[in-house]
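Undergrad: What follows is a single structure, and I will ask about it in a moment.
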Amino acid sequence: NTFTQVNAETQEEVRYQEMRQKSVKCALWLRMQNVQPGDIITVCPSTTIDLYVPFLAGLYIGAVVNTWDINCKLNLDVLRRTRPKVIFTDKKHVLEMYGLAALLFRENFSTIIIAFQPQQHFINLDIILNDFSNYNVEQFVCWKPRYNDIMVILHTINMMTVEKNIEISYMAFQTSFILEIPPLRAAGICGLWYANLGCYYNIVLLVKAIILHAPLVVWWRKDYRQLCAMIEQFQEDVEMLNISENFAFSLSSLKYVLHDLNLEYPWIHEELVYNLPERTNIILLYSYPESGVIASRWCLEKRSNAGYVCKNVELKVINHFGREARPNEHGEICCRSPYMMNGYHLQPMITQSAIDKEGWLHTKDMGCYHRDGFIYVLGNIDLPVTFRGESCDDRCFQNCLEEQEGISQAYVLPVLHEIDGEQPFAFLVKKRNYPRKGEPPTIVDRVMLGKEVVIVDVHVGELILNVLASSSDFIGQVHAETEEQVTFLEMRQKSVKCALWLRMQNVQPGDIIMVCPSKTIDIYIPFLAGLYIGAVVNTWDINCKLNLNVLRRTRPKVIFTGRRHVLEMYALAGLLLREDFQTIIVAFQPQQDFITLETILNSFNENDVENFTCSPRRRRRDTAVILYTVNMMTVEKNVQIPYSAFLSSFNSVIPPMTQNTHGLWYGNLGNHQNLMLLVNAIISYVTLVVWWRNDFQHVFAAIHRFQVEWMYLSSAQAKKMYNYLNYLQQPHLPFSSEDSSEDSSEDDDDEWSLHQREEIKEERVIEEERVIKEERVIEEERVIEEERVIEEKRVIRREEVHESEEEEDDDEDEEMEEIEKRAIEEERVIRREGEHESEEEDDKDDDEDEEMEEIEKRAIEEERVIRREEEHESEEEFEFEFEAEDVEMEELEKRVLGEARVIRREEEHESEEEEESEDEDEEIEVEEDRVIEEERVIRHEEEEYEDEDEDEEMEVKIEKPDISCLKYLMHDFDLKRPYSHDTFVRSLEGTSVIILYCYPEIGIIACRWDTEGHPHVGYVNRNVEVKIVDCTTGMPVNYNEFGEICCRSPGIMNGYHLQPMITRSAINMQGWLHTKDFGYFETDGCLCMTGNVKPSIRFRDENIAADEIEFLLERHKVVEKACIMPILDRLDGQHPFAFISKNYMSKMSKMEIERFVERGLRDSYRLRGGIRFLRSGLSSMYYYRTIDFKRLYHIIVKYVQNDSLCYME
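Per UniProt numbering, the very first residue in the sequence shown carries number 1; after that it's consecutive.
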């Protein structure tokens, strides 16, 4: 019957029996509303003495009580983040709270609002308390919490964290009772308590007073004259906050006054000591809601200090070098205690920045400590700006200013103002020369260093799992076409169940699981499951073909694939059964005779999910993902991505993700940027709108429908978007849909599957004929040698006959020419003798001359006829002899071919006997091919109808889509299409266009914001080092000098999977990645790219890596060095041509080289362009690659104007 609380104004008393009945009845009602342990209930500030009722009820049933500070405003983001099941609020704010809850109704958020006082159309506290009897109260049993469970979430304001939700655990709360501040030892001692449950120490005093039977006088008003009169009336030991006046009241009963440290008014403590009675102990508390009470000072122990460290608290000071400071050395104050917070609710990144991995809380207060143990607090590192009563974090100003163009650094300080209180004052450092967005690098020893950011070492899988568990109702993904929504709860359950199934299949940390491309929203499940258990996830790019060599190299234990490609993958796995390779194939969609994803997810229940724990954290450089991808630098390579790549991406600001926003994500796990965006979106609480179709009319409609703020495009997708924007600007022109093979494979899975079947057939034929081919090599060489000998004999015979005929013809021609010359000479003599005769004889001479000419002509004609007859007779004799030789050669060829046919028939007979046992398998394969072909035809017809409908719609009406909500557009840099970025900048007004210079081997190297111009790729990314090296010497060059771009970062790949030779050629001993791109950097640190060192060879529709052919050739014992270059071909596009430097003692032929390459690589890698052996050593081998770019640059500068652009390939 003793009273525990008294209203300071109405003097209404609350006794322990009434407090117990009300709080227990409220707890029973909460259980009726299905409030489970761990669910959140919100208690808003109210001027009622019943404020304790929902708080204690939440403690009884294990619910998390979200208490709001009286200075905090109603915030929509807090409700969206906490999602309470029940809200207790004052009648003054019930309508406003109802309006906020209605705004979240579209996000599947429903709650019950309870008013402390009676309010029309709302449930009030008295109604729910009248639903239960005293018998129900007596039968009530509390829930027993665990030590680390969250007890309270404080929505409070302080100088360190402006409006943060602080998670307080049961352990932190219970250990706070050890502090004897104030020393409440005897029962019946009365205290003055300010009714604000949003203050951490107020909650501690409330519970501590109830346990120690110390009555509390509850008050709300800040009229301190009435307060002092009340103290004199009740004769209390009180707690008072921030008293700064002189009083004329008798306060002799006041024993203890507690107040917080305030650096803005440091004289408050001394004024209270001098003005209050001598027997009153003034206790100064240096505390934060994140840490509890750190230190305390009693009366005037020392001036301008925070006192001694409290019980169970560890404190240290860190200087600006990051080391522990010595006594009287200034630095940042850090503390650690058992009653510290668990973290900020649903803000893991801010939590990791506040509490380091050793558990030290960084208070961001500047101070020091004396040798005798006194703590001095001198000021704040980051001072908030109090503008018209509202606290504004200076870091928000600084981050906003540093994102603007032309500003490199910003620092904001508060300045006093008569009306507003304080106003922000900014110190800015502007950029020089080039006004671009981004963070300019630091150039040291000709190496560009990106902004260095501390990388937090955490378990990636465990971090994702904790984020998914923290907000189960948050929508993580949305299907762009069907609008199917996937919540964090569903993502967590499905991924954990998949991880449990993988453990059942004995998948250990370090084992490989494969995820093939599929158009399903569940593609994230095996990826996240692999991160949980430490498995290596081998993800395939959507442009890559199913490859037998990749399966042989990775040997995955489990393969997840789509329904369209499950039969092809099963066939490839069957080819490797001879090599003791066994795997399990899981289909994302239902497929007959195969395990499906839905089947393995139904094998576990919710208890298994709750008891799941991640595997121990692996090292930062261990491989997390193997990307089977295609890019300009490495053609179809398996890139090993370590965990440090994900940790580095957490510090990336590309794009600037904000909570509760939407991003457009292309469902391709084989792309490096897509992987990073998926993980960062989950951690940042961003909803991903998943899409697959490259029809940008539908894409823009999805952007408008879901209010998407950012999207990422690969270089191929950027080209399509560029064509579509041009089509919108000029609709009278035909829309260009011509794409490369890479683009078309992204658009059409049917064409992709067709390539897979062709590839499987080729691999099957190669696998079956490999043994037979080796046995036939000797026989074929023998036949070829015989044919060569016969051909040489035939050629020699023909040459001899031809030479003899030519000699005879030459002799006859010489004789005829001599006869003609003699006849002509005789005629000339006769003409000369007849010239002196008279004119009368001229006619007679003319007639004689004509007769002589006719005689000569007849003689010449007779000689020609005779010669032709002789030639004809000689030809008939030669043909008769040659036909006899041909008959002999044909008989010899028939005999050789007959022997070869007999050998082939014997081999075919043996193979037919072996194939008779495999007829059943072949029939099954034929049936499967027939079913696949029918499905392909049906899909092709459906797509033709869809394309016709889409064409009709485009012809009827063309509307420019509204994508004003899009804030950030990211796309890869493509040197072949540099104009697309400028088009995006000009066409998409209000959208920040970000160009990314990136590779899967290292991630984002540099980025450029909004600015136009080629070939700039922007500033170096965070934690990335870039240098330009000379192609001949390998030394770093100065600015505006051309060379190869090399880079290094903590997230660089571990190498190419099981390809050490290619890895060593890409990454040197110092860890620098050679991108094989040419470029230079300007004086302000902007990186520019101009071309590629070694382009890939485009053979038909396939990219061929010259490196693979070179490494294969250099393995030959005769080849010293090899260089592969592309040459043009009209039919195939390009052919590989080989320059080979061999040992001068060797007699290796070109045919042997071609056979060596044909055996080691696929048919597309054959040296169709030819082979050339070099005699001059290695100097002439790289003639086409070693270009003097320094000299070329000076020529360009001399003959070209400065403002023009020069493009080189």
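We put the beta carbon where it would ideally sit given N, CA and C, even for glycine.
1. Is the beta carbon of SER296 within less than 7 Å of some heavy atom of the ligand ZN?
2. My parser needs the alpha helix (DSSP H) runs of 4 or more residues fully inside the segment 666-711; what are they?
3. So which of HIS213, ASP1030 and GLU815 has the shortest CA-CA distance to ARG446?
4. Going by C-alpha to C-alpha distance, which of LYS545, PHE55 and PHE122 sits closest to VAL24?
5. Measure the C-alpha to C-alpha separation of LEU1128 and GLN1134 and round it to an integer number of angstroms.
6. Are there 16 or more other CB atoms within 10 angstroms of the CB of ASP962, so buried, or fewer, so exposed?
7. Are the CB atoms of ASN660 and TYR685 nearer to each other than 8 Å?
8. I'd like the span of the alpha helix (DSSP H) that includes SER1065, first residue to last.
9. Would PRO590 be called buried (16 or more neighbouring beta carbons within 10 Å of its own) or exposed?
10. Closer than 8 Å is the cut-off here; do at least three beta carbon pairs connect the segment 108-123 with the segment 8-19?
11. Scan the segment 1090-1116 and note each continuous alpha helix (DSSP H) run of 4 residues or more that stays entirely inside, going in chain order.
12. For GLY1054, which residues from the same chain have a beta carbon less than 7 Å from its beta carbon, with the 5 sequence-adjacent residues on both sides left out?
13. Residue range of the alpha helix (DSSP H) that ASN202 falls in?
14. Rounded to a whole number of angstroms, what is the C-alpha to C-alpha distance between MET1148 and VAL1118?
15. Give me whichever residues DSSP pairs with HIS155 in a beta bridge.
16. Have a look at GLU324, ILE153 and ILE350 and flag the residue whose alpha-carbon is nearest the alpha-carbon of TYR200.
17. Within the chosen definition, does the segment 707-714 reach the segment 967-976 through at least 3 CB pairs nearer than 8 Å?
18. What is the rounded straight-line gap between the Cα of VAL679 and the Cα of VAL625?
19. Leaving out five residues before and five after HIS724 in sequence, what residues of the same chain have Cβ atoms less than 7 Å from its Cβ?
20. Is the beta carbon of LYS557 closer than 8 Å to that of ASP511?
21. Since MET341 and ILE166 should fall inside the 8 Å C-beta cutoff, what is the C-beta to C-beta distance between them, to a whole number of angstroms?
22. Runs of 3 residues minimum, wholly inside the segment 540-585: which ones carry the beta strand (DSSP E) assignment?
23. Give the list of continuous alpha helix (DSSP H) stretches no shorter than 4 residues that lie fully inside the segment 125-149.
24. Within its chain, find whatever has a CB closer than 6 Å to the CB of GLY331; leave out the 5 residues flanking it on each side and keep chain order.
25. Within the same chain, show all residues whose beta-carbon is closer than 8 Å to that of ARG31, passing over the 5 residues directly before and after it, in chain order.
26. With a CB to CB cut of under 6 Å and the five nearest residues on each side skipped, what residues in its chain are close to ALA499?
27. Provide the residue span of the beta strand (DSSP E) that contains ILE294, from first to last.
28. Who does ASP1163 pair with in a DSSP beta bridge?
29. Of the choices ILE203, ARG81, SER987 and THR1075, whose alpha-carbon is the least far from that of TYR999?
30. Is the beta carbon of ARG553 sitting closer than 8 Å to the one on LEU1058?
31. Please confirm whether MET1089 and GLY1079 have their CB atoms less than 8 Å apart.
32. In whole angstroms, what separates the C-alpha of VAL309 from that of LYS357?
33. What is the rounded straight-line gap between the Cα of residue 1219 and the Cα of LEU577?
34. From the DSSP output, read off the bridge partner residues of ILE61.
35. Please classify CYS335: does DSSP put it in a helix, a strand, or coil?
36. With a cut-off of 8 Å on the beta carbons, I'd call LEU51 and ALA195 a contact; round off their distance for me.
TA: A quick look at the data gives this:
1. This structure lacks the ligand ZN, and indeed carries no ligand of any kind.
2. DSSP runs (the alpha helix (DSSP H)) wholly in the segment 666-711: 672-683 and 696-706.
3. Per the Cα distances, ASP1030.
4. Among LYS545, PHE55 and PHE122, the Cα nearest to that of VAL24 belongs to PHE55.
5. Rounded to the nearest angstrom, the two C-alpha atoms are 5 Å apart.
6. With a 10 Å radius around the Cβ and a threshold of 16 neighbouring Cβ atoms, ASP962 comes out exposed.
7. Contact: yes.
8. Secondary structure note for SER1065: its alpha helix (DSSP H) is the uninterrupted segment 1060-1066.
9. If you draw a 10 Å sphere on the C-beta of PRO590, you find fewer than 16 other C-beta atoms in it, and that means exposed.
10. With the cut-off at 8 Å, the segment 108-123 and the segment 8-19 do not touch.
11. Fully enclosed alpha helix (DSSP H) runs of 4 or longer: 1106-1114.
12. Per the sequence presented here, residue 1054 reads as Asn, with Gly not at that position. Apart from sequence neighbours up to five positions away, the residues of its chain that approach ASN1054 with a beta-carbon distance below 7 Å are ARG621, THR623, GLN640 and PRO642, ordered along the chain.
13. Unbroken alpha helix (DSSP H) run through ASN202: 200-211.
14. A direct Cα-Cα distance of roughly 8 Å separates MET1148 from VAL1118.
15. TRP68 and ASN165.
16. Looking at the Cα atoms, ILE153 is the closest of the given residues.
17. Judged by pairs of C-beta atoms under 8 Å, the segment 707-714 touches the segment 967-976, as three or more such pairs exist.
18. Cα to Cα, VAL679 sits roughly 13 Å from VAL625.
19. According to the sequence as given, residue 724 is Tyr; it is not His. The beta carbon of TYR724 sits closer than 7 Å to the beta carbons of PHE696 from its chain, once the five residues preceding and following it are set aside; these are given in chain order.
20. In this structure, LYS557 lies closer than 8 Å to ASP511 by Cβ.
21. That belief holds up - the Cβ atoms of MET341 and ILE166 are roughly 5 Å apart, short of 8 Å.
22. Inside the segment 540-585, DSSP marks whole beta strand (DSSP E) runs of 3 or more residues at positions 558-561, from first to last along the chain.
23. Taking only runs of at least 4 residues, the alpha helix (DSSP H) segments lying wholly in the segment 125-149 are 125-129 and 134-138.
24. Counting only Cβ-Cβ distances below 6 Å, and skipping sequence neighbours, we find VAL317, ILE318, ASN319 and ALA325.
25. So the list reads ILE61, once near-sequence residues are dropped.
26. So the list reads ALA529, TYR532 and ILE533, once near-sequence residues are dropped.
27. Residue range 292-298 is occupied by the beta strand (DSSP E) that includes ILE294.
28. Beta-bridge pairing links ASP1163 to no other residue.
29. Checked all of ILE203, ARG81, SER987 and THR1075; the closest Cα to TYR999 is THR1075.
30. For ARG553 and LEU1058, yes; Cβs fall inside 8 Å.
31. One thing to note: MET1089 has its Cβ within 8 Å of the Cβ of GLY1079.
32. Cα atoms of VAL309 and LYS357: separation of roughly 22 Å, rounded to the nearest angstrom.
33. It is not possible to answer for residue 1219, since the shown part of the chain is limited to 1 through 1209.
34. Paired residue(s): none; ILE61 is not in a bridge.
35. Strand.
36. Correct: roughly 6 Å between the Cβ atoms.
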